[in-house]
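Student: Protein chains in written order, with the working numbering: chain A, 4 to 352; chain B, 4 to 352; chain C, 4 to 352. Quick one: the structure is below, questions incoming.
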Amino acid sequence: MSKTATGNFFEDFALEQVSVHAAPRTVTAGDQALYTALFGSRFAVQSADPFAEMIGYPKSPVDDLLVFHIVFGKTVPDISLHAVANLGYAECRFLNPVYPGDTLFAESQVIGLKENSSGKTGTVYVRTHGTNQHGETVVTYVRWVMVRKRDETLKTGHDTVPTLITHVDPEALGGACPPISTEAWSNALSGSPHRFDAYVVGERIDHADGMTVEDAEHQLATRLYQNTARVHFNAQQEAKGRFGRRLIYGGHVISLARALSFNGLANAFHVAAINGGRHVAPLFAGGTVYAWSEVLEKAHVPGRSDVGALRLMTRATRDLPCDAFPQNEATPEQPGVVLELDYWVLLPV
Amino acid sequence: MSKTATGNFFEDFALEQVSVHAAPRTVTAGDQALYTALFGSRFAVQSADPFAEMIGYPKSPVDDLLVFHIVFGKTVPDISLHAVANLGYAECRFLNPVYPGDTLFAESQVIGLKENSSGKTGTVYVRTHGTNQHGETVVTYVRWVMVRKRDETLKTGHDTVPTLITHVDPEALGGACPPISTEAWSNALSGSPHRFDAYVVGERIDHADGMTVEDAEHQLATRLYQNTARVHFNAQQEAKGRFGRRLIYGGHVISLARALSFNGLANAFHVAAINGGRHVAPLFAGGTVYAWSEVLEKAHVPGRSDVGALRLMTRATRDLPCDAFPQNEATPEQPGVVLELDYWVLLPV
Amino acid sequence: MSKTATGNFFEDFALEQVSVHAAPRTVTAGDQALYTALFGSRFAVQSADPFAEMIGYPKSPVDDLLVFHIVFGKTVPDISLHAVANLGYAECRFLNPVYPGDTLFAESQVIGLKENSSGKTGTVYVRTHGTNQHGETVVTYVRWVMVRKRDETLKTGHDTVPTLITHVDPEALGGACPPISTEAWSNALSGSPHRFDAYVVGERIDHADGMTVEDAEHQLATRLYQNTARVHFNAQQEAKGRFGRRLIYGGHVISLARALSFNGLANAFHVAAINGGRHVAPLFAGGTVYAWSEVLEKAHVPGRSDVGALRLMTRATRDLPCDAFPQNEATPEQPGVVLELDYWVLLPV
Numbered sequence: 004m005s006k007t008a009t010g011n012f013f014e015d016f017a018l019e020q021v022s023v024h025a026a027p028r029t030v031t032a033g034d035q036a037l038y039t040a041l042f043g044s045r046f047a048v049q050s051a052d053p054f055a056e057m058i059g060y061p062k063s064p065v066d067d068l069l070v071f072h073i074v075f076g077k078t079v080p081d082i083s084l085h086a087v088a089n090l091g092y093a094e095c096r097f098l099n100p101v102y103p104g105d106t107l108f109a110e111s112q113v114i115g116l117k118e119n120s121s122g123k124t125g126t127v128y129v130r131t132h133g134t135n136q137h138g139e140t141v142v143t144y145v146r147w148v149m150v151r152k153r154d155e156t157l158k159t160g161h162d163t164v165p166t167l168i169t170h171v172d173p174e175a176l177g178g179a180c181p182p183i184s185t186e187a188w189s190n191a192l193s194g195s196p197h198r199f200d201a202y203v204v205g206e207r208i209d210h211a212d213g214m215t216v217e218d219a220e221h222q223l224a225t226r227l228y229q230n231t232a233r234v235h236f237n238a239q240q241e242a243k244g245r246f247g248r249r250l251i252y253g254g255h256v257i258s259l260a261r262a263l264s265f266n267g268l269a270n271a272f273h274v275a276a277i278n279g280g281r282h283v284a285p286l287f288a289g290g291t292v293y294a295w296s297e298v299l300e301k302a303h304v305p306g307r308s309d310v311g312a313l314r315l316m317t318r319a320t321r322d323l324p325c326d327a328f329p330q331n332e333a334t335p336e337q338p339g340v341v342l343e344l345d346y347w348v349l350l351p352v
Numbered sequence: 004m005s006k007t008a009t010g011n012f013f014e015d016f017a018l019e020q021v022s023v024h025a026a027p028r029t030v031t032a033g034d035q036a037l038y039t040a041l042f043g044s045r046f047a048v049q050s051a052d053p054f055a056e057m058i059g060y061p062k063s064p065v066d067d068l069l070v071f072h073i074v075f076g077k078t079v080p081d082i083s084l085h086a087v088a089n090l091g092y093a094e095c096r097f098l099n100p101v102y103p104g105d106t107l108f109a110e111s112q113v114i115g116l117k118e119n120s121s122g123k124t125g126t127v128y129v130r131t132h133g134t135n136q137h138g139e140t141v142v143t144y145v146r147w148v149m150v151r152k153r154d155e156t157l158k159t160g161h162d163t164v165p166t167l168i169t170h171v172d173p174e175a176l177g178g179a180c181p182p183i184s185t186e187a188w189s190n191a192l193s194g195s196p197h198r199f200d201a202y203v204v205g206e207r208i209d210h211a212d213g214m215t216v217e218d219a220e221h222q223l224a225t226r227l228y229q230n231t232a233r234v235h236f237n238a239q240q241e242a243k244g245r246f247g248r249r250l251i252y253g254g255h256v257i258s259l260a261r262a263l264s265f266n267g268l269a270n271a272f273h274v275a276a277i278n279g280g281r282h283v284a285p286l287f288a289g290g291t292v293y294a295w296s297e298v299l300e301k302a303h304v305p306g307r308s309d310v311g312a313l314r315l316m317t318r319a320t321r322d323l324p325c326d327a328f329p330q331n332e333a334t335p336e337q338p339g340v341v342l343e344l345d346y347w348v349l350l351p352v
Numbered sequence: 004m005s006k007t008a009t010g011n012f013f014e015d016f017a018l019e020q021v022s023v024h025a026a027p028r029t030v031t032a033g034d035q036a037l038y039t040a041l042f043g044s045r046f047a048v049q050s051a052d053p054f055a056e057m058i059g060y061p062k063s064p065v066d067d068l069l070v071f072h073i074v075f076g077k078t079v080p081d082i083s084l085h086a087v088a089n090l091g092y093a094e095c096r097f098l099n100p101v102y103p104g105d106t107l108f109a110e111s112q113v114i115g116l117k118e119n120s121s122g123k124t125g126t127v128y129v130r131t132h133g134t135n136q137h138g139e140t141v142v143t144y145v146r147w148v149m150v151r152k153r154d155e156t157l158k159t160g161h162d163t164v165p166t167l168i169t170h171v172d173p174e175a176l177g178g179a180c181p182p183i184s185t186e187a188w189s190n191a192l193s194g195s196p197h198r199f200d201a202y203v204v205g206e207r208i209d210h211a212d213g214m215t216v217e218d219a220e221h222q223l224a225t226r227l228y229q230n231t232a233r234v235h236f237n238a239q240q241e242a243k244g245r246f247g248r249r250l251i252y253g254g255h256v257i258s259l260a261r262a263l264s265f266n267g268l269a270n271a272f273h274v275a276a277i278n279g280g281r282h283v284a285p286l287f288a289g290g291t292v293y294a295w296s297e298v299l300e301k302a303h304v305p306g307r308s309d310v311g312a313l314r315l316m317t318r319a320t321r322d323l324p325c326d327a328f329p330q331n332e333a334t335p336e337q338p339g340v341v342l343e344l345d346y347w348v349l350l351p352v
């Protein structure tokens, strides 16, 4: 029997099947430094231990999205090695903070399977749990991907689509955020006078800056997460593929958009949940990413007077500045939106 | 009111105005590893804890220039987002060592403002202090930049140019260097038999090697410092700009020159002060950086018999080997000098 | 006398001469994070402290090849600055584990010198020891390089070739691996059900994935090791050189092949020895690296019932997938094998 793992095709998945993913990962200050170098993130809580300590954390937590990407990366060899498209995320919640030195484990359960009418592919829905060395869940999310079938003539009959909530309820937010002192919070050091109360529903914010992505950068990032998806790394194979070149991991765009959003949302220190995310168009090296956000909703977090939650729709674009708040989707040829991310952030009140 | 920070134009500055810069930063072993990967620095004191401990440090300090770049990076959103040119540095002194785990804070005071005769720009002079979590100043420097005006028709009348010293006095050197044991210092491990006494004023040293810079490299470095200057990151915007491409952060050249200077100055373990620095020409990705140094002055540090100070003029070139000690300035088209850096280094006696 | 170190030419070496190499290096979690980002390595022992602790390590050790590269890097300024070719390695053994916080020192002894008949070059054989801060050897290896002569008219008469063993004896393996608990070893977390017993001599394994290398990536890696070999960094000089472009450090290929080998050898957690290695063809940026392995030999490690040793021949290719187990050597123009590595790995029984 071949020792080479070949990944799962659509017919290899079964409903309720659980996969324990390989290669747990201790997250260190080294990972956080690389993350900063890759995205330039500046949120004070994650950047400086004394700032975090001042407001009530034991020390700076690891960036939420770095946690997400590492957990996600572990699922790739089992779930999406034969994915044609990463269709969406939902019900993502950050439940416990992660600190340098903590170790991340991941497992996923298949919660839906639906064969496509073409018979060539099917959609796999998994709920993934990322846990720490104490067995506590630090992040959980649902993701669905279109996966190739090995044998297109085989009918699986799978037709189960899970019911997913459109957005996380505010009362489910904040598990990864200890009680914080809003008095100790320094707007000067965090970089903005605008706290929770300053934002209004419907407000649009241009994050202004653009960031051009190089192949070396997204490859370093994606390997840092131990994500093995081939489309990101193999220029020879991808030259013959759909886009003629390496495709950048969608999570790279999410992290760029989040880092760019500092300009306008400097006090949105914690991503508490991701309601939904769509990679509406691909990004390739050489592309310049911009972003803008709209405030969809404001919510008090039940039981907490220290933080409030903003539900944001952040759109990231390729090669299109966002001062006009563009909504047109990019194509491989035309600039436009490449990411739509609907998520909750916490701000001090 | 827009939440997007747009940065300060010349008329937004006032004399003696103080800015507390956002995003304090805990410096870790991860940052130091990235710095090594970016520049290949080999100075033994910063490279190996046991070497540092042997001579009297509690452990390896963070590279002086990494400290400088992080502090500098914090000032960009407040001081130089609308800079046309970074004109110079002066009076830079390193006053306390920084160790992994320390946190850097930055604030700047405007010490000079001079409107240019064109009416389109003005020169802003700031004195910046980088402090640690104990409130001790670790680095201080003066920098001046030419900043655009928002409204070219408005006359500010500003005509204040601060008096700056031409070079730091030797008695002001060494605050960041604990007393060291010159007996414990191993020339074999440091990489050179040449200590303070071996150098003579007027001596010229070719640092021999050349280092080609990639876009991914300078972007990683500049984001590591959380420096947000747009010219370094946005290829789309810069394609329409002055140079037609991204401009490399000047500090990248300084760090390359310092790392290259190991060959010839391996025992110059500490940058104690920067008397002045000029980026005489731009550097772009694809350029190869070389460097050579001239010993301008030798000085005993008052009260210290363990270290002596060399005042160096290090010139870095683009695409021009330095065996002939070139002084011609590069242009965007022609190879030549891109950096002139006048600074003090300490060596064991 | 010039302060610039110019490196040793063939006639500068003497038999039995010992060089203490400069710049000891403390290895940190930052280095390990960068190593992960550069190669995407996923072996659980090195990836997660709890996994390592569960089986008997005090914590995750530093990747074996990162240790090798750092020690190797230190030897370059003394041994191979004027190397024409890196001819081979032999008798490499990992004798003690290295943990983050440990410091690596290196010294080499000349064990062979043979002038080539052309009179232009000679082969230098050195045995290098990498030691930690306690003076324990962590890695030792023999390496031979063809080095240019400064004066081609001078006859050195050197004709000493050391006798080297073809492969390390199994009883010499395992010094860097503490006793491990095979019961505590989780195949689910390590990523494979295939332990020592599952492999058979003669078995061939395609590691399936391909990884395209960028100039920024190999430069970051090679500087991380403080390796100063000019051919890797100076595009301007190399444009006029043998290959017309920067040559990638051969060790980069070794690390890529090792990381790729996870797919098929996920439980081969420790490189215990390198019997021999040949860089049969150069690699340049833009090349895509694949790898496959053949099991040459299986051995019990005397005195140990926890681990068994596989002797592998891993071949890495440039631009050639390995499903057909190719053995043809690449040329600068044609795809094919670039590396042949004969080494011992340990697996849990």
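Using N, Cα and C, we set each Cβ at its ideal position, and we do this for glycine too.
Pick out whichever of B:Q112, B:L41, B:K77 and B:D67 has its Cα sitting closest to the Cα of L18 (chain B).
Tutor: As a position in the second sequence, residue 18 (chain B) is number 15, starting the count at 1. Among B:Q112, B:L41, B:K77 and B:D67, the Cα nearest to that of L18 (chain B) is on B:Q112.
Student: Cutting at 6 Å between CB atoms, please list the residues of its own chain near T31 (chain A), excluding the five before and the five after it.
Tutor: For the purposes of this step, residue 31 (chain A) is identified with residue 28 of the first sequence, where counting begins at 1. Hits under 6 Å: P103.
Student: Compute the distance between the beta-carbons of L227 (chain C) and E14 (chain C), then report whether it is under 8 Å.
Tutor: On the third sequence, residue 227 (chain C) is found 224 positions in, with the first residue counted as 1. On the third sequence, residue 14 (chain C) is found 11 positions in, with the first residue counted as 1. Cβ distance not < 8 Å, so L227 (chain C) and E14 (chain C) don't count as in contact.
Student: Using a C-beta cutoff of 8 Å, does S121 (chain C) count as contacting chain A?
Tutor: The sequence position of residue 121 (chain C) within the third sequence is 118, counting from 1. False, the Cβ-Cβ gap to chain A never drops below 8 Å.
Student: Do T320 (chain A) and G339 (chain A) have their C-beta atoms within less than 8 Å of each other?
Tutor: Reading the first sequence from its first residue, position 317 is the one you call residue 320 (chain A). Reading the first sequence from its first residue, position 336 is the one you call residue 339 (chain A). Their beta carbons are under 8 Å apart, which means T320 (chain A) touches G339 (chain A) by this criterion.
Student: Out of curiosity, what's the CA-to-CA distance linking A26 (chain A) and F46 (chain C)?
Tutor: Here residue 26 (chain A) refers to the residue found at position 23 of the first sequence. Here residue 46 (chain C) refers to the residue found at position 43 of the third sequence. Roughly 7 Å between the two C-alpha positions.
Student: Please confirm whether F236 (chain C) has its beta-carbon closer than 8 Å to some beta-carbon of chain B.
Tutor: As a first step, residue 236 (chain C) must be located in the third sequence, where it is residue number 233. F236 (chain C) counts as touching chain B.
Student: Answer with buried or exposed for G115 (chain C), where buried requires no fewer than 16 other C-beta atoms within 10 angstroms of its C-beta.
Tutor: Start at 1 with the first residue of the third sequence, and residue 115 (chain C) comes out as number 112. So G115 (chain C) ends up on the buried side.
Student: Which same chain residues end up closer than 6 Å to A93 (chain B) when comparing Cβ atoms and leaving out the 5 residues on each side of it in sequence?
Tutor: By 1-based counting over the second sequence, the position of residue 93 (chain B) is 90. Only V145, L167 and G279 meet the Cβ criterion.
Student: Which full runs of the beta strand (DSSP E) of 3+ residues lie inside the stretch 86-138 of chain C, going along the chain?
Tutor: Whole beta strand (DSSP E) segments, 3+ residues: 86-97, 106-118 and 124-134.
Student: Does DSSP put T317 (chain A) in a helix, in a strand, or in coil?
Tutor: Counting from 1 along the first sequence, the entry for residue 317 (chain A) is found at position 314. It is a strand residue.
Student: For the stretch 234-260 of chain B, list every residue whose C-beta sits within 8 Å of some C-beta in chain A, in sequence order.
Tutor: Going along the stretch 234-260 of chain B in chain order, one finds F236, N237, A238, Q239, Q240 and R249 with a Cβ nearer than 8 Å to chain A.
Student: Does F2 (chain C) pass the burial test, meaning 16 or more other C-beta atoms within 10 Å, or should it be called exposed?
Tutor: This structure does not reach residue 2 (chain C), given that chain C is present from 4 up to 352, and the question cannot be answered.
Student: Suppose only complete runs of 4+ residues qualify. What are the alpha helix (DSSP H) ranges in the stretch 135-211 of chain B, listed by chain order?
Tutor: Listed in chain order, the complete alpha helix (DSSP H) runs (minimum 4 residues) inside the stretch 135-211 of chain B are 190-193.
Student: In the DSSP assignment, find the unbroken beta strand (DSSP E) run with D345 (chain C) in it and report its ends.
Tutor: Working through the third sequence from its first residue, we reach residue 345 (chain C) at position 342. Here the beta strand (DSSP E) through D345 (chain C) covers G339 to P351.
Student: May I ask which residues mark the beginning and end of the beta strand (DSSP E) holding N266 (chain B)?
Tutor: Walking along the second sequence from the start, residue 266 (chain B) turns up at place 263. Element bounds for N266 (chain B): not the beta strand (DSSP E) but the alpha helix (DSSP H), F265 to L268.
Student: Does the Cβ of D345 (chain A) have 16 or more other Cβ atoms within 10 Å, making it buried, or fewer, making it exposed?
Tutor: Here residue 345 (chain A) refers to the residue found at position 342 of the first sequence. Classification for D345 (chain A): buried.
Student: Check L68 (chain B) in the structure and name its three-state DSSP category.
Tutor: Here the question's residue 68 (chain B) lines up with position 65 in the second sequence. Residue state, collapsed to three classes: helix.
Student: When the Cα atoms are used, what is the spatial distance from A324 (chain C) to P61 (chain A)?
Tutor: In the third sequence, the residue the question calls residue 324 (chain C) occupies position 321. In the first sequence, the residue the question calls residue 61 (chain A) occupies position 58. Looking at the sequence provided, one finds Pro at residue 324 (chain C) rather than Ala. When rounded, the distance between both Cα atoms is 49 Å.
Student: For the 8 Å Cβ check, are there 3 or more pairs between the stretch 171-185 of chain A and the stretch 306-315 of chain A?
Tutor: As far as the Cβ criterion goes, the stretch 171-185 of chain A touches the stretch 306-315 of chain A, which means the pair count is three or higher.
Student: Measure the C-alpha to C-alpha separation of Q240 (chain B) and W147 (chain C) and round it to an integer number of angstroms.
Tutor: In the second sequence, residue 240 (chain B) corresponds to position 237, counting from 1. In the third sequence, residue 147 (chain C) corresponds to position 144, counting from 1. Answer to the nearest angstrom: the Cα atoms are 50 Å apart.
Student: How many Å lie between D81 (chain C) and V21 (chain C) at the Cα?
Tutor: Position 78 of the third sequence holds residue 81 (chain C). Position 18 of the third sequence holds residue 21 (chain C). Cα to Cα, the separation comes out at about 10 Å.
Student: Pull up the distance between the alpha-carbon of S264 (chain A) and that of P285 (chain B), whole angstroms please.
Tutor: Numbered from its first residue, the first sequence carries residue 264 (chain A) at position 261. Numbered from its first residue, the second sequence carries residue 285 (chain B) at position 282. Near 29 Å, if we compare the C-alpha coordinates of P285 (chain B) and S264 (chain A).
Student: For the pair the stretch 52-68 of chain B and the stretch 235-249 of chain B, tell me if three or more CB-CB distances fall below 8 Å.
Tutor: Cβ pair count under 8 Å is below three, so no.
Student: Tell me whether H210 (chain B) is buried or exposed, calling it buried when 16 or more other Cβ atoms sit within 10 Å of its Cβ.
Tutor: Mapped onto the second sequence, residue 210 (chain B) falls at position 207. H210 (chain B) comes out buried.
Student: Under the three-state reduction of DSSP, which class applies to R233 (chain A): helix, strand or coil?
Tutor: Looking up residue 233 (chain A) in the first sequence gives position 230. Three-state result, R233 (chain A): helix.
Student: Hey, out of B:R28, B:R314 and B:F54, whose CA is closest to A187 (chain B)'s CA?
Tutor: On the second sequence, position 184 is the one that residue 187 (chain B) refers to. Nearest of B:R28, B:R314 and B:F54 to A187 (chain B), Cα basis: B:F54.
Student: Using Cβ-Cβ distances below 8 Å, what residues of the stretch 325-342 of chain B are close to chain A?
Tutor: The stretch 325-342 of chain B vs chain A, Cβ under 8 Å: nothing.
Student: Considering only the alpha carbon of each residue, which of B:A242, B:T334, B:D326 and B:V234 lies closest to P89 (chain B)?
Tutor: As a first step, residue 89 (chain B) is located in the second sequence; it is residue number 86 there, counting from the start. According to the sequence displayed, residue 89 (chain B) carries Asn and not Pro. Minimum Cα distance to N89 (chain B) is reached at B:V234.
Student: Given that T106 (chain C) touches chain B, what residues does it touch there, using C-beta distances under 7 Å?
Tutor: For the purposes of this step, residue 106 (chain C) is identified with residue 103 of the third sequence, where counting begins at 1. A51, D52 and P53, listed in chain order.
Student: At the level of alpha carbons, what is the spacing between D172 (chain A) and V150 (chain A)?
Tutor: Here the question's residue 172 (chain A) lines up with position 169 in the first sequence. Here the question's residue 150 (chain A) lines up with position 147 in the first sequence. When rounded, the distance between both Cα atoms is 30 Å.
Student: Using the rule of at least 16 other Cβ atoms within 10 Å of the residue's Cβ for burial, across every protein chain shown, is P335 (chain B) buried or exposed?
Tutor: The residue given as residue 335 (chain B) occupies position 332 in the second sequence. Classification for P335 (chain B): exposed.
Student: Look at the alpha carbon of V203 (chain C) and the alpha carbon of F97 (chain C), and state the distance between them as a whole number of angstroms.
Tutor: The residue given as residue 203 (chain C) occupies position 200 in the third sequence. The residue given as residue 97 (chain C) occupies position 94 in the third sequence. Taking the straight line joining both Cα atoms gives about 24 Å.
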